[in-house]
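**Student:**
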Amino acid sequence: MVALLLCGACSGGAAIDSTDAAATTVTATTLAPVTTTSVLSATTAASTSTTTTTTVLSATTVASTTTTTTTTVAPATTVASTTATTTAAVPPTTAAPTTTATPTTTVAPGPGSIGLLNRTGTSSGEIQTWINAAEAGLAGREANVLVVVWPIGDNISDEPDFERFDGAPFTVNQVVMSQVEIDDLLDQIDVWLQADPCAGRDRYLRQDVTLRTRLWMEGGADAATAPDPCFETRLVTVAASPEWSEANLRHVVVHELYHAFQQRLPNWCGNPDLPRFDETRWVGEGAADYFTYSVTAELDRRSDAVSELLGEARASYMDGSPDLRDGAFATNSGAALRLMVERGALDESAILDASLFHDCDWSVLLGDANPEVGHAKGAWYEIEEQGGSYGFGAGALAG
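89 is the number of the first residue of the sequence shown in this note's numbering; add one for each residue after it.
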């Protein structure tokens, strides 16, 4: 069974892009050991080191037709309400000019590899830069990850169509890839899964992944999620809207990558339906957005990641309410985590290197029984503008 990780719609490997010249590249990046402190300031935990092997993904040795039709994405990280289901018109398929990709060699995913399949107008080299930056500071990453990015067209319905997408909270959009292009991309995903040490052993598991992904691609879903068919096998699947800028696409890809890096989310901590996991869902989403603002600021050579995060959270509050889940849920949750960091109740490095999720303790330590959690969830929106920058007011910090 494939469990869907927490998603944005609803977190260096080499790449193959339909617009790039075919290439076979294998690189290796060794992460330096990182020592991190545990979630709460009173405990410490040693982290591990890891070796990252980059994987070049490719098509099987047949000429395929792949196209690029979109730019990229607004980070819609708030999960839509599950109370409304709509029936939208069947999304039309728009034919696009085709190019023939030169067949290349498929390299099996190695331990800790990250592969990329990109069919958008953003170059694979650019997306690879985001991937490299995202994984650079991680502690002990273990899973193989495949990042799949494809274009969708204009939105048809604003409401999630749970029936069309088998319970997933995605909206319906125009389909801009041809059936041949969809089939080719799914074939390449299956090639990667077959070569994966875990997914390769289970034909039914692979079929479940590809059938779900086919449903999203052929149905025009605005998918942004991180399926995890195995503990050591993760995917990042992002459908890029034509309304998204490149910065928007970057935000969503990095956010979903972080979910792929989170080792112990609820489905790997026992029963994900337990009340404590619903209670702490904000932690997983907030950490992903906190991480994303940090990585994107680094890529832009900026030092205002915290101010940008808090500014966006303040805007979300002004448009919504003090409820953490109202508006930009992931960004609001990231602001709440930042408040805990500034109050000394949470170690920032555990968020940024993802060691916070190396075991399941986070779901207990950051539950509602923790008074610091209660304060953060009740004061996350007490953000003030100070000379063009954003920070917490004195009441939030001292309360």
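Here a beta-carbon is modelled for each residue, glycine too, at the ideal position from N, C-alpha and C. On a predicted model such as this, the values are computed, not experimentally measured, just so you know.
Short check: CB of A464 to CB of M406, under 7 Å?
**Tutor:** no
**Student:** Determine whether the beta carbon atoms of A375 and I471 lie at a separation below 7 Å.
**Tutor:** no
**Student:** Assuming L323 contacts V297 under a Cβ cut-off of 8 Å, what Cβ separation, rounded to an integer in Å, is found between them?
**Tutor:** 7 Å
**Student:** Indicate the three-state DSSP secondary structure (helix, strand or coil) for E334 in the structure shown.
**Tutor:** In the structure shown, E334 sits in a helix (DSSP, three-state: H, G or I).
**Student:** Return the first residue and the last residue of the beta strand (DSSP E) that Q474 is part of.
**Tutor:** I471 to Q474
**Student:** Quick check: the Cα distance between G487 and L425, rounded to an integer number of angstroms?
**Tutor:** 15 Å
**Student:** Which residues mark the beginning and the end of the alpha helix (DSSP H) in which W280 is found?
**Tutor:** Q267 to A283
**Student:** Taking I240 as the reference, which of D366, A401, P315 and E331 has the closest Cα?
**Tutor:** Measuring from the Cα of I240, the nearest candidate turns out to be E331.
**Student:** With a floor of 4 residues, list each alpha helix (DSSP H) that falls wholly inside the segment 384-454, ordered by position along the chain.
**Tutor:** Listed in chain order, they are 393-407, 417-430, 436-440 and 450-453.
**Student:** Assuming N220 contacts S212 (C-beta within less than 8 Å), just tell me the rounded distance between them.
**Tutor:** At roughly 12 Å, the Cβ-Cβ gap does not stay under 8 Å, so N220 and S212 are not in contact.
**Student:** Could you compute how far the alpha carbon of Q350 sits from the alpha carbon of H446?
**Tutor:** 7 Å
**Student:** Compute the beta-carbon to beta-carbon distance between S409 and S477, rounded to the nearest angstrom, for a pair I have assumed lies under 8 Å.
**Tutor:** S409 to S477, Cβ: 24 Å. No contact.
**Student:** A401 and T384 - do their beta-carbons sit closer together than 7 Å?
**Tutor:** Taking 7 Å as the Cβ cut-off, T384 and A401 do not qualify as a contacting pair.
**Student:** Cutting at 7 Å between CB atoms, please list the residues of its own chain near E306, excluding the five before and the five after it.
**Tutor:** For E306, where only same-chain residues beyond five positions count, the Cβ hits under 7 Å are V263 and I270.
**Student:** So what's V461 in DSSP terms, helix, strand or just coil?
**Tutor:** In this structure, V461 counts as helix in the three-state DSSP scheme.
**Student:** Mark D249 as exposed unless 16 or more other C-beta atoms lie within 10 angstroms of its C-beta, in which case mark it buried.
**Tutor:** buried
**Student:** By DSSP, does S477 sit in helix, in strand, or in coil?
**Tutor:** strand
**Student:** Taking 7 Å as the limit between beta carbons, can you name the residues of its chain near L362, skipping five residues before and five after?
**Tutor:** none
**Student:** Going by DSSP, name the residue or residues bridged to T313.
**Tutor:** T325
**Student:** Locate the beta strand (DSSP E) running through I202, then write down its first and last residues.
**Tutor:** I202 to N206
**Student:** Which same chain residues end up closer than 7 Å to C357 when comparing Cβ atoms and leaving out the 5 residues on each side of it in sequence?
**Tutor:** C448 and S451
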